[in-house]
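Enquirer: Residue numbers (full-length UniProt numbering): 1 to 152.
Pasting the structure below:
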């Protein structure tokens, strides 16, 4: 599959979490093991301080990191996270945010991934480093997006 075909496929069918976070894949580079995603985050996912809750940020970064390993593998796999660390640099406000995932190392049993979260101005908000365990996936439990025709 081409990078555009992979992007369109991910955007057509997604995990329920990706739908909750209004995730869209913007760019894929399978050979480099990178992916860029946008998330439209509502104020309902913010903390009382008015910034996006840290667990939501971790979820966005975790998705970007795992998808980077998935696209790098060029196979039907999933990558359960074994451990992750998130460093928060600046508060993220509700609105459009971007996660840029990278597969740094992909081995037989372990993948090492990173992801950055930036705002529309490109300001670095948070960075994740994670290890995951790539596993073959025969029947992914994805759901057809309600607005799939608009996203393709």
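The beta carbon of each residue, even a glycine, is placed where N, CA and C say it ideally should be.
Going by C-alpha distance, which of 69, 31, 118 is nearest residue 109?
Expert: As a first step, residue 109 must be located in the chain shown, where it is residue number 109. Measuring from the Cα of residue 109, the nearest candidate turns out to be 69.
Enquirer: In the structure shown, what three-state DSSP assignment does residue 137 receive?
Expert: If you number the chain shown from 1, residue 137 lands on position 137. Here DSSP, grouped into helix, strand and coil, assigns residue 137 to coil.
Enquirer: Which stretch, first to last residue, makes up the beta strand (DSSP E) that contains residue 81?
Expert: For the purposes of this step, residue 81 is taken as the residue at position 81 of the chain shown. Run containing residue 81: 81 to 88, per the beta strand (DSSP E) assignment.
Enquirer: Does the stretch 44 to 59 touch the stretch 72 to 83, meaning 3 or more C-beta pairs lie closer than 8 Å?
Expert: No, the stretch 72 to 83 does not touch the stretch 44 to 59.
Enquirer: Assuming residue 4 is part of the alpha helix (DSSP H), what are its boundary residues?
Expert: Mapped onto the chain shown, residue 4 falls at position 4. Segment 3 to 12, the alpha helix (DSSP H) holding residue 4.
Enquirer: Mind checking residue 1: buried by the 16 CB within 10 Å criterion, or exposed?
Expert: Within the chain shown, the letter at position 1 stands for residue 1. Answer is exposed; the Cβ neighbour count stays below 16.
Enquirer: If you reduce the DSSP assignment to three classes, tell me which class residue 43 lands in.
Expert: The residue labelled residue 43 in the question sits at position 43 within the chain shown. In this structure, residue 43 counts as helix in the three-state DSSP scheme.
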